[in-house]
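Below you'll find the structure, written out as structure tokens, and then a few comments.
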Amino acid sequence: MDDWTDVAASTDFPPGTRRAVDAGGTRIAVFNVDGEYYAIEDLCSHEAETLSEGTVNGLEITCPAHQARFSLVDGAALSAPAYEPIATFPVRIVDGRVQVRDDRFDDN
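Following our numbering, the numbering of the sequence shown begins with 70 at its first residue and continues without gaps.
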């Protein structure tokens, strides 16, 4: 799968902000942390809660429902009650636009 989903203009997506988009049926949350972009599946592995509504602290997101913490970098579950990681996705900037894609089903 090589479909990239447009998130926002990089000028409209300053550090400290986040956006949730649908990429081929997968809800993905994209974060700008100090000018670096990170993308995760917008779904807590503990109880399918929306992570994009959680609190970001550095490179971690805390689920708003049960306070499980996850790495924005690699999706690792960092605290109970979550034990399973979440998916992470590639992010790129093309012509001033932030884009993301779900690469989990690529043939590579």
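For each residue, glycine too, the CB sits at the ideal point set by N, CA and C.
Values in this document were obtained by computation on a predicted structure and should not be read as measured data.
Which class does residue i belong to by DSSP, given the choice of helix, strand or coil?
i: Ser121; result: helix
i: Asp111; result: coil
i: Asp75; result: strand
i: Asp172; result: coil
i: Thr86; result: coil
What do you get for residue i, buried or exposed, if any count of 16 or more other CB atoms within 10 angstroms of its CB means buried?
i: Pro82; result: Residue identity check: residue 82 is Phe in the sequence provided, not Pro. Phe82 comes out buried.
i: Ile155; result: buried
i: Val142; result: exposed
i: Glu110; result: buried
Hey, out of the options, whose CA is closest to residue i's CA?
i: Phe158; options: Ala78, Val99, Pro84 and Ala77; result: Val99
i: Gly93; options: Leu112, Asp72, Ser140 and Arg166; result: Asp72
i: Pro150; options: Ser114, Arg161, Glu122 and Arg88; result: Ser114
Taking residue i as part of the beta strand (DSSP E), name the residues at either end of that continuous run.
i: Glu129; result: Glu129 to Thr131
i: Phe100; result: Thr95 to Val102
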